[in-house]
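Numbering (the numbering used here), first residue to last: 1064 to 1487. Glycine is no exception: its CB is placed at the ideal position from the N, C-alpha and C atoms.
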Ligand code: HAM
């Protein structure tokens, strides 16, 4: 137990760190190009925020939240998604009073869901999300989808498909609820208990049930696209025109309803074609009612969230991970214990010149230091000591060609930097 991470959590190991950093860097650039600025919100929030924001009939709230009482007897929940916290922050910090739209992104926010852990489904994962407040036009969703596709293509990913749907607004959704309830009729008694409890309160959630018997019943249910009001239909048609204008292929998927209650009009997912069924790479949509519902002024909004672990999984599946960069370019070997101080200071001098350098920390013999330098893939070894050092020089050895050059100590760090980082 003591040396086992909790079920459904994962360490990010040093050998994978460069991949995370690379993905993060691409995400930052993609968000910045579209005018989104970073926001960081707490890892935990008051439970009430998610009950009201995400919806008390969703799986996330009913089954998956990490909720506990703090020492002040407040109910606290670890963030099960990023949107509610971003909305709370938008309201609390009066960002609505600034020029709108207000575009924000969060990077690798830890998200906690008590799910059944399996490949691609963790109890702690990390999301990159973009949220746009104050834009009512479908250009917002088109921008979000377009930014996502550029990001994913920039990482090299292929075979991704965009699935879109519209789940209407408070005007037209009740019409659909009625139609759905009529269709379900007596069939509801053959469905799971959760679906039965959602029948009156939130029938749309029934479409999201993962139980096989329920899925069979809802697969022929009427679709909400047939019940959209004029405004929602026009919005959906305009979004399609925008995606076509940008040459982004998409599929209309009337079965996407998403697992959170706040969505209105557009919902979308990006599906990995090589991935397992039910695993979306990304999900998002419009949520025009949420800011007001949480106590802010009526504000149009839309966004998406994408899991870092799923991006990494897909990159690995598609064989697209770039090779790891070198950890150390220059290893500074000492020719004896009395040379440890000069070797250390020379290593620091190289680092001051932006060279990735390292030296012995374990009291290794010269032979063992060379072995170590080879193991870590150092391109050069600098030898500090012996006759050269007495003459005020060091020896530079190219580990590939085995060629050795003597360099005057004065200016040696700069010279090595100019070899390793030409044109800097
Ligand atoms: P979501 O679809 O629940 O949406 O999650 C977004 C993404 O997070 C998923 O597509 C997936 O990449 C990743 N993800 C979700 N659950 C897990 C898990 N258990 N393990 C690993 N990765 C996971 C939301 O959370 C919304 N807040 C998205 C949004 C933002 N909508 C509007 N704005």
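Quick one: grab the DSSP three-state call for residue i.
i: residue 1152; result: helix
i: residue 1168; result: strand
i: residue 1380; result: helix
i: residue 1345; result: strand
i: residue 1223; result: strand
i: residue 1109; result: strand
i: residue 1336; result: coil
i: residue 1067; result: coil
i: residue 1121; result: coil
i: residue 1260; result: helix
i: residue 1466; result: coil
i: residue 1280; result: helix
i: residue 1315; result: strand
i: residue 1101; result: strand
i: residue 1438; result: helix
i: residue 1146; result: helix
i: residue 1247; result: helix
i: residue 1305; result: helix
i: residue 1428; result: coil
i: residue 1132; result: strand
i: residue 1322; result: coil
i: residue 1218; result: coil
i: residue 1157; result: coil
i: residue 1074; result: coil
Based on the DSSP output, what are the partners of residue i in its beta bridges?
i: residue 1175; result: 1187
i: residue 1456; result: 1471
i: residue 1364; result: 1196
i: residue 1329; result: 1229
i: residue 1208; result: Residue 1208 is not bridged to any residue.
i: residue 1443; result: 1393, 1461
i: residue 1356; result: Bridge partners of residue 1356: none, in fact.
i: residue 1140; result: 1108, 1130
i: residue 1084; result: DSSP output for residue 1084 lists no bridge partner at all.
i: residue 1181; result: 1184
Could you round the C-beta distance between residue i and residue j to whole angstroms and report it? I think they count as a contact, below 8 Å.
i: residue 1113; j: residue 1362; result: That pair is no contact at about 19 Å.
i: residue 1325; j: residue 1116; result: 6 Å
i: residue 1333; j: residue 1218; result: No, residue 1333 and residue 1218 are not in contact; Cβ-Cβ is about 13 Å, not under 8 Å.
i: residue 1469; j: residue 1458; result: 6 Å
i: residue 1462; j: residue 1445; result: About 11 Å separates the two Cβ atoms, so there is no contact after all.
i: residue 1258; j: residue 1272; result: 5 Å
i: residue 1148; j: residue 1104; result: 4 Å
i: residue 1311; j: residue 1225; result: 6 Å
- Count the CB pairs spanning the stretch 1278 to 1292 and the stretch 1218 to 1236 that are closer than 8 Å, and state whether there are at least three. Touching, yes.
- Item | contact_flag[the stretch 1191 to 1210, the stretch 1088 to 1096] where n(CB pairs < 8 Å) is 3 or more | Contact holds: three or more Cβ-Cβ distances are below 8 Å.
- Message: I want to know whether the stretch 1422 to 1436 touches the stretch 1467 to 1474 - three or more CB-CB distances under 8 Å.
- Response: The stretch 1422 to 1436 is not in contact with the stretch 1467 to 1474.
- Message: For the pair the stretch 1389 to 1405 and the stretch 1418 to 1432, tell me if three or more CB-CB distances fall below 8 Å.
- Response: In the pairwise beta carbon analysis, the stretch 1389 to 1405 is classified as touching the stretch 1418 to 1432: at least three pairs are separated by under 8 Å.
- Task: Tell me, please, whether the stretch 1325 to 1333 touches the stretch 1122 to 1140 by the rule of three or more beta-carbon pairs shorter than 8 Å.
- Result: In the pairwise beta carbon analysis, the stretch 1325 to 1333 is classified as not touching the stretch 1122 to 1140: fewer than three pairs are separated by under 8 Å.
- Residue ranges of each alpha helix (DSSP H) within the stretch 1370 to 1426, 4 or longer: List check, alpha helix (DSSP H) in window: 1371 to 1380, 1403 to 1415.
- Task: Tell me, please, whether the stretch 1173 to 1188 touches the stretch 1203 to 1211 by the rule of three or more beta-carbon pairs shorter than 8 Å.
- Result: Under the Cβ criterion (8 Å, minimum of three pairs), the stretch 1173 to 1188 does not count as touching the stretch 1203 to 1211.
- Task: Give a yes or no on contact between the stretch 1065 to 1084 and the stretch 1144 to 1164, applying the rule of three or more CB pairs nearer than 8 Å.
- Result: Too few Cβ pairs lie closer than 8 Å, so no.
- Message: Check whether the stretch 1342 to 1351 and the stretch 1367 to 1381 are in contact - that is, three or more C-beta pairs closer than 8 Å.
- Response: Three or more beta-carbon pairs separated by less than 8 Å link the stretch 1342 to 1351 to the stretch 1367 to 1381, which places the two stretches in contact.
- Message: Under 8 Å, with one C-beta from each stretch per pair, do the stretch 1400 to 1407 and the stretch 1234 to 1244 reach the 3-pair mark?
- Response: As far as the Cβ criterion goes, the stretch 1400 to 1407 does not touch the stretch 1234 to 1244, which means the pair count is below three.
- Item | At least three beta-carbon pairs within less than 8 Å, the stretch 1158 to 1165 to the stretch 1126 to 1142 | As far as the Cβ criterion goes, the stretch 1158 to 1165 does not touch the stretch 1126 to 1142, which means the pair count is below three.
- Query: Between the stretch 1255 to 1270 and the stretch 1295 to 1306, do three or more beta carbon pairs fall short of 8 Å?
  - Reply: No: fewer than three Cβ pairs fall under 8 Å.
- Message: Below 8 Å, how does it come out for the stretch 1065 to 1074 and the stretch 1124 to 1136: are there three or more Cβ pairs, yes or no?
- Response: Here the stretch 1065 to 1074 makes no contact with the stretch 1124 to 1136; the two share fewer than three CB pairs at distances below 8 Å.
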